[in-house]
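Numbering (the numbering used here), first residue to last: 20 to 291.
Take a look at the structure:
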């Protein structure tokens, strides 16, 4: 087994299946201690058992469960991780859901894909700043999508209640995630935060793309590559196939980034 990540701790959200599970497996193979996040404890226990069957040591794996459709659960997860792991070297924001056919709001009053795919990542990055900064040279890897390039932010109606499209809602969540990457690593924090396109993979999100996808392990390999300390990263950039790739123009607009950060804080502060 390789040990490039020996002595490092990684939190992988949405690790019960698909790219998230494969990412957890590969990180464990590289020697990392992996905090395996799942929506429910049952899903998480099943994921951990399968990881052990594939060769991960049980003492490398730590299960956490939280339903990201509840911002209070996201905040509680961050609190428990920070308490158990004073130093967190890697945060992989992978959890994502497909936007439903009809506009669906969470109990927090937010369109479900915007909350799970973006706001949860925003809240985790913010509340785990302490453990990430304490780790030294920590990284936040946000698993985004090439669909972000087709998106636009609906600033006046981020829930898209008035004119809803599941593809537009999902793409907006991925655009927000890519836009926010840089701000997740404040200047002087010794944290680097980027977004990455894992490629088109055969996961639960594939129907949005309507094409044949590669095995999830291929997408996970693209994610894990950015976790390795030997790979240099530029804060706030979007990576595809291991290199910095073009983004939607708005991703690097400072005014839009500030506007998004303000919106995210407004939507999470009261509930988180």
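Backbone N, C-alpha and C define an ideal beta-carbon position, used for all residues, glycine too.
Cα-Cα separation, residue i to residue j
i, j, result
"residue 238", "residue 80", "21 Å"
"residue 58", "residue 96", "11 Å"
"residue 87", "residue 142", "11 Å"
"residue 259", "residue 193", "14 Å"
"residue 70", "residue 274", "43 Å"
"residue 209", "residue 250", "16 Å"
"residue 225", "residue 104", "Per-residue confidence for residue 225 stands at a pLDDT of 48, beneath the threshold of 50, marking its modelled position as unreliable; no derived number is given."
"residue 78", "residue 64", "14 Å"
"residue 214", "residue 144", "13 Å"
"residue 41", "residue 288", "32 Å"
CB contact check: residue i to chain B, cutoff 8 Å
i, result
"residue 170", "Checking the listed chains, one finds no chain B in this structure; it contains a single protein chain."
Cβ neighbours of residue i in the same chain (closer than 6 Å, five flanking residues each side left out)
i, result
"residue 255", "200, 201"
"residue 118", "132, 185, 188, 189"
"residue 165", "216"
"residue 51", "24, 27, 29"
Residues near residue i in its chain [Cβ-Cβ closer than 8 Å; skip 5 each side]
i, result
"residue 38", "113, 162, 217, 220, 222, 235, 238, 239, 242"
"residue 100", "30, 54, 83, 107, 147, 150"
Residue i: first and last residue of the uninterrupted beta strand (DSSP E) it sits in
i, result
"residue 42", "Run containing residue 42: none in the beta strand (DSSP E); it sits in the alpha helix (DSSP H), 37-48."
"residue 211", "210-216"
"residue 158", "157-162"
Enclosing alpha helix (DSSP H) for residue i [first to last residue]
i, result
"residue 28", "Note, residue 28: premise wrong, no alpha helix (DSSP H); beta strand (DSSP E) at 28-31."
"residue 287", "273-288"
"residue 84", "Segment 80-84 is the beta strand (DSSP E) holding residue 84; no alpha helix (DSSP H) there."
Same chain, Cβ closer than 7 Å to residue i, five either side skipped, listed in chain order
i, result
"residue 231", "With a pLDDT of only 48 at residue 231, under the threshold of 50, the placement of this residue in the model should not be trusted, and no figure is reported."
"residue 120", "185"
"residue 129", "138, 178, 286"
"residue 33", "39, 56, 113, 114, 115"
For residue j and residue i, believed in contact at Cβ under 8 Å, the rounded distance
i, j, result
"residue 43", "residue 53", "5 Å"
"residue 160", "residue 245", "5 Å"
"residue 168", "residue 267", "5 Å"
"residue 197", "residue 135", "With a Cβ gap of about 16 Å, residue 197 and residue 135 do not count as contacting."
### Task
Report yes or no: do the stretch 108-120 and the stretch 21-28 share at least 3 C-beta pairs separated by less than 8 Å?
The answer is yes - the stretch 21-28 touches the stretch 108-120, with three or more Cβ pairs under 8 Å.
### Query
Is the stretch 165-174 in contact with the stretch 148-157, if contact means three or more CB pairs nearer than 8 Å?
no
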